[in-house]
C-alpha cells in the first residue's frame, strides 16, 4: 500500500482518519494494508503535528481582542 493512498483515505474518510489517530496499525490491518516502519513514523508525525496545529488554532480563536487593540 502506497503512503499516498493512505493519506488520500485519511483525507476522504473521517472514520478511517479517526481510527488512524487512535490505532494506526489496526486501521491499516482492517483494510489489509501495510506500511513500512518509516512510512508509519512519517505518517504519525504528520498526524500529530496536524492535531497540535488544530489545537493551537482553536486556542487562538478563543482569544478575544482587547479594547486597547483598536
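Numbering (the working numbering), first residue to last: 686 to 755. Backbone N, C-alpha and C define an ideal beta-carbon position, used for all residues, glycine too.
Buried is the label assigned to residue 712, since at least 16 other Cβ atoms lie within 10 Å of its Cβ.
Per DSSP, residue 687 lies in no alpha helix (DSSP H) and is assigned neither H nor E. One alpha carbon belongs to residue 716, the other to residue 734, and they sit about 25 Å apart. For residue 713, the enclosing alpha helix (DSSP H) starts and ends at 709 to 715.
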